[in-house]
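Engineer: What follows is a structure written as structure tokens; I'll ask about it next.
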Amino acid sequence: MNNAATSRSSLQGVIRTQLATYLLWGVLALGSLLMAAPFIWMFTATLSPLSEAFTLPPRWLPGSDVTIESYLRAVRDYPQLIRYFWNSVYISTLVTVGYVAVTTMAGYAFARLEFPFKKLLFGMLLVSLMVPIQTMIVPLYIIMRSIGLLGMPGAIILPGMIGAFAPGLSGVFGVFLMRQFFLTVPKDLIEAGKVDGAGPIRIFWTIAAPLAKPQMAALAIIVFTTTWNDYFIPLVFMLTGNNQVLPLAVVGISGGRGGEVPAAVILAAVSISILPILIAFVAMQRLIVESFMRAGVK
1 MNNAATSRSS
11 LQGVIRTQLA
21 TYLLWGVLAL
31 GSLLMAAPFI
41 WMFTATLSPL
51 SEAFTLPPRW
61 LPGSDVTIES
71 YLRAVRDYPQ
81 LIRYFWNSVY
91 ISTLVTVGYV
101 AVTTMAGYAF
111 ARLEFPFKKL
121 LFGMLLVSLM
131 VPIQTMIVPL
141 YIIMRSIGLL
151 GMPGAIILPG
161 MIGAFAPGLS
171 GVFGVFLMRQ
181 FFLTVPKDLI
191 EAGKVDGAGP
201 IRIFWTIAAP
211 LAKPQMAALA
221 IIVFTTTWND
231 YFIPLVFMLT
241 GNNQVLPLAV
251 VGISGGRGGE
261 VPAAVILAAV
271 SISILPILIA
281 FVAMQRLIVE
291 SFMRAGVK
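Numbering-wise (UniProt numbering), the sequence shown opens with residue 1 and increments by one.
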């Protein structure tokens with residue numbers, strides 16, 4: 001009797017676990033579908049004829065009349081769109097590389113190196129997180145104007161490359177994120193490097209930095225995305241000329257020519273602006289998942 005009751009209880013537990021798993025997967029699938037639905041509709045609209053881009057009920061999959069007319073017209077009517085696209089690629093890439101490199105080294109220094117007033121300096125950095133990024137705009141505008149970078153990509157690239165901030169993102173965020181990771185690196189690895197005669201720089205490059213690749217990839221995606229999508233900072237520093245970035249161009253298209261631009265053409269421009277983000281995420285997906293898995297194990 002006891003064995004039968006135990007088996008029945010175990011079977012019921014297994015069934016409940018499976019039902020809970022299926023329910024969780026169903027909720028996650030539904031949530032993913034709801035989040036993906038606007039993008040699916042947008043891409044479908046851009047691949048439909050201009051006269052049929054908007055129909056009721058909406059089309060969720062392209063029909064037999066697939067066309068790239070919207071993309072061709074966006075590029076033909078707005079030839080500067082491609083230039084602005086490469087401006088965004090250029091600026092976002094340099095800002096991301098510089099920001100991740102500087103904040104990673106700073107995070108390692110605060111985590112593993114000893115120097116005077118380390119805790120005080122890190123505390124001051126954390127306090128600065130409470131200061132809105134927007135309060136830095138006026139001083140930074142004055143600095144960039146005084147050194148002749150106003151209206152040029154360098155006005156955005158330079159602060160990002162030295163880790164001061166990426167558009168909409170404080171440099172302290174990256175320092176804090178990387179410091180928290182380096183604190184989890186076993187001290188035995190660091191000590192083993194010292195025993196082998198390695199100095200702080202060599203230990204960082206050969207031991208700490210390779211271990212931090214998933215965290216660096218996650219940080220790079222965050223920085224690249226915020227820099228690519230930012231509208232306010234380029235609007236302030238790069239308002240005119242051929243140095244504009246894609247968000248400014250998309251807004252210009254949507255409001256240009258007295259509102260006569262077909263919505264499908266606007267959506268095509270938006271689709272072009274989304275493409276690099278998708279490529280970057282797919283390229284770094286493995287490292288990002290690994291970063292989340294490590295965070296869950298801690």
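Backbone N, C-alpha and C define an ideal beta-carbon position, used for all residues, glycine too.
None of the values given here were measured: they were computed from a predicted structure.
Please report the distance separating the alpha-carbon of L278 from that of G199.
Structural biologist: Your numbering for residue 278 matches position 278 in the sequence shown. Your numbering for residue 199 matches position 199 in the sequence shown. In a straight line, the C-alpha of L278 is about 39 Å away from that of G199.
Engineer: What does a CB cutoff of less than 6 Å around L169 pick up in its chain, not counting 5 residues either side in sequence?
Structural biologist: In the sequence shown, counting from the first residue as 1, residue 169 sits at position 169. The answer, listed in chain order, is T226.
Engineer: Look up L125 in the DSSP assignment and say whether it is helix, strand or coil.
Structural biologist: Here residue 125 is taken as the residue at index 125 of the sequence shown, counted from 1. L125: helix per DSSP, three-state reduction.
Engineer: Under a three-way DSSP split, which group does L248 fall into?
Structural biologist: Within the sequence shown, numbered from 1, the residue matching residue 248 stands at position 248. Looking at L248 - three-state DSSP - the assignment turns out to be helix.
Engineer: Does DSSP classify L94 as helix, strand or coil?
Structural biologist: Numbered from 1 along the sequence shown, position 94 holds the residue referred to as residue 94. In this structure, L94 counts as helix in the three-state DSSP scheme.
Engineer: Would a C-beta distance cut-off of 9 Å place S273 and P247 closer than the cut-off?
Structural biologist: Along the sequence shown, read from residue 1 onward, the residue named residue 273 stands at position 273. Along the sequence shown, read from residue 1 onward, the residue named residue 247 stands at position 247. The answer is yes: Cβ separation under 9 Å.
Engineer: Could you give the distance in angstroms between the alpha-carbon of I91 and the alpha-carbon of N229?
Structural biologist: Here residue 91 is taken as the residue at index 91 of the sequence shown, counted from 1. Here residue 229 is taken as the residue at index 229 of the sequence shown, counted from 1. In a straight line, the C-alpha of I91 is about 12 Å away from that of N229.
Engineer: For residue 300, I'd like the list of residues in its chain whose CB is within less than 8 Å of its CB, leaving aside the five on either flank, ordered along the chain.
Structural biologist: Outside the displayed range of the chain (1 to 298) lies residue 300, so it cannot be described from this structure.
Engineer: I believe R179 touches A111 by the beta-carbon criterion, under 8 Å. Please report the beta-carbon distance rounded to the nearest angstrom.
Structural biologist: On the sequence shown, residue 179 is found 179 positions in, with the first residue counted as 1. On the sequence shown, residue 111 is found 111 positions in, with the first residue counted as 1. Indeed, because the Cβ distance is near 5 Å, the residues count as touching under 8 Å.
Engineer: What's the C-alpha gap between P58 and V127?
Structural biologist: In the sequence shown, counting from the first residue as 1, residue 58 sits at position 58. In the sequence shown, counting from the first residue as 1, residue 127 sits at position 127. Whole-angstrom Cα-Cα distance: 49 Å.
Engineer: When you compare the CB positions of I143 and M238, do they come within less than 9 Å of one another, or not?
Structural biologist: For the purposes of this step, residue 143 is taken as the residue at position 143 of the sequence shown. For the purposes of this step, residue 238 is taken as the residue at position 238 of the sequence shown. No, the Cβ-Cβ distance between I143 and M238 is not below 9 Å.
Engineer: Pull up the distance between the alpha-carbon of V175 and that of G107, whole angstroms please.
Structural biologist: Mapped onto the sequence shown, residue 175 falls at position 175. Mapped onto the sequence shown, residue 107 falls at position 107. Distance between the alpha carbons of V175 and G107 is about 5 Å.
Engineer: Three-state secondary structure (DSSP) at S51?
Structural biologist: Translated into the one-based positions of the sequence shown, residue 51 becomes position 51. Helix, per DSSP.
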